[in-house]
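For the sequence shown, the positions run 230 to 501 when my numbering is used. Ideal Cβ placement from N, Cα and C applies to all residues, glycine included. Structure first, then comments.
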Amino acid sequence: MRFKRTRSGASLKLKIGAVAGLLFLHLPLLLIFLYAFTTEEKSYQFPPPDYTLKWFGVVWERQDIWDAFGLSLRIALIATGAAIVLGTLAAAAVARTRFFGREAVSLLIILPIALPGVVTGIALRSAFDIADIPFSFWTIVLGHATFCVVVVYNNAVARLRRTSPSLLEASLDLGANGFQTFRYVLLPNLATALLAGGMLAFALSFDEVIVTTFTAGQQTTLPIWMLSELVRPRQRPVTNVVAVFVVIITFLPILMAYYFTRGGEATAGHGK
């Protein structure tokens with residue numbers, strides 16, 4: 230008996246619900262782009278009375294914005310580098326060895342990204358105060374690394390669990406030493422997972438504001454600068470222009486990470 234396949238499209242209600250959900254998620258972002266071009270300085274009038282590009286020139290000439298941008302960029306790069314090293318080592322230990330409490334260790338590694346940022350920030354601030362560590366550039370890096378490690382770890386441990394140990398054994402049997410096995414066998418299998426995890430970690434670190442607030446001291450990252458500008462608004466379109474650049478800077482690595490993990494089954498943590 231032969232069965233005829235039928236294709237049923239989504240119902241109208243489901244389509245409307247999907248469109249409404251997408252608008253709810255992305256309409257605020259579109260408004261940021263819109264008000265980056267408005268001529269109105271201190272209020273949000275819809276529709277904007279007129280449009281201009283002058284705020285992009287104002288942002289370009291503001292040294293305080295460039296200083297905050299440079300600080301955020303350096304912190305994100307260093308925190309991402311540390312996360313790649315520590316997350317990969319932790320993933321290798323959990324995925325390739327068996328020891329008592331392995332699952333508990335895995336849970337503790339993942340825990341920082343599951344906790345509210347306020348809790349993580351308070352905990353780090355208390356630890357720095359007890360250890361008498363002054364708040365500086367490095368305290369922000371340490372704070373960001375706590376959750377960046379989780380993203381890299383999730384990606385690396387998933388890839389390691391899918392990589393057959395027999396590949397490493399075969400490499401060693403054929404005369405390769407440990408470094409050669411890592412370079413020619415393990416690293417090519419981990420490369421896309423580490424790249425995706427690193428880009429996600431960079432995006433998370435670059436726009437982090439809650440943990441940074443508790444660990445920055447007198448340092449002003451770009452998200453902290455934006456927050457202070459919103460609290461004491463002078464030129465709202467300037468903040469919107471900076472927000473546009475932040476969206477672009479964080480969207481590109483997330484898009485690339487999605488490209489490398491779009492299969493879904495190859496890498497964990499791709500949905501964060």
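Using the rule of at least 16 other Cβ atoms within 10 Å of the residue's Cβ for burial, across every protein chain shown, is residue i buried or exposed?
{"i": "T326", "result": "exposed"}
{"i": "A387", "result": "buried"}
{"i": "A265", "result": "buried"}
{"i": "S301", "result": "buried"}
{"i": "V460", "result": "exposed"}
{"i": "E332", "result": "exposed"}
{"i": "F275", "result": "exposed"}
Taking the C-alpha atoms as reference points, what is the distance between residue i and residue j?
{"i": "R291", "j": "I304", "result": "21 Å"}
{"i": "I342", "j": "R412", "result": "30 Å"}
{"i": "P452", "j": "T421", "result": "29 Å"}
{"i": "S334", "j": "A249", "result": "A small fix is needed here, since residue 334 is Val in this sequence, not Ser. Using only the alpha carbons, I get a separation of about 41 Å."}
{"i": "F285", "j": "W295", "result": "13 Å"}
{"i": "F366", "j": "F431", "result": "16 Å"}
{"i": "L254", "j": "A247", "result": "11 Å"}
{"i": "T450", "j": "F298", "result": "7 Å"}
{"i": "A322", "j": "L389", "result": "10 Å"}
{"i": "L252", "j": "R391", "result": "37 Å"}
{"i": "I483", "j": "S240", "result": "31 Å"}
{"i": "E458", "j": "L416", "result": "44 Å"}
If you drop the 5 nearest sequence neighbours on each side, which residues of the same chain put their C-beta closer than 7 Å to that of residue i?
{"i": "M485", "result": "M428"}
{"i": "I362", "result": "T368"}
So, using beta-carbon positions, are residue i and residue j closer together than 9 Å?
{"i": "P257", "j": "E269", "result": "no"}
{"i": "C377", "j": "T309", "result": "yes"}
{"i": "V288", "j": "V467", "result": "yes"}
{"i": "G330", "j": "N384", "result": "no"}
{"i": "N418", "j": "L396", "result": "yes"}
{"i": "F435", "j": "T479", "result": "yes"}
{"i": "V380", "j": "L315", "result": "no"}
Between residue i and the rest of its own chain, which residues show a CB-CB distance below 8 Å, the 5 nearest in sequence each way excluded?
{"i": "V370", "result": "I304, I307, A308 and A311"}
{"i": "I261", "result": "N469, A472, V473 and V476"}
{"i": "P394", "result": "R325"}
{"i": "G446", "result": "P363, F364, S365 and T368"}
{"i": "A405", "result": "Y413 and V414"}
Residues in the same chain with beta-carbon distance under 6 Å from residue i, minus the five sequence neighbours each way, listed in chain order, please.
{"i": "V440", "result": "G346, T349, G350 and G372"}
{"i": "R354", "result": "F443"}
{"i": "A374", "result": "A308, A311 and A312"}
{"i": "I338", "result": "A319 and Y382"}
{"i": "Y280", "result": "F266"}
Entirely within the region 234-306 and at least 4 residues each: give me those alpha helix (DSSP H) ranges in chain order.
Listed in chain order, the alpha helix (DSSP H) runs fully inside the region 234-306 are 241-264 and 283-290, counting runs of at least 4 residues.
Please specify which runs of the beta strand (DSSP E), each continuous and at least 3 residues long, are wholly inside the region 362-433, giving them in chain order.
Within the region 362-433, complete beta strand (DSSP E) segments of at least 3 residues are not found at all.
4-residue-minimum alpha helix (DSSP H) runs that sit fully inside the region 430-483, ordered along the chain
Uninterrupted alpha helix (DSSP H) stretches at least 4 residues long and entirely within the region 430-483 occur at 439-444 and 451-460, given in chain order.
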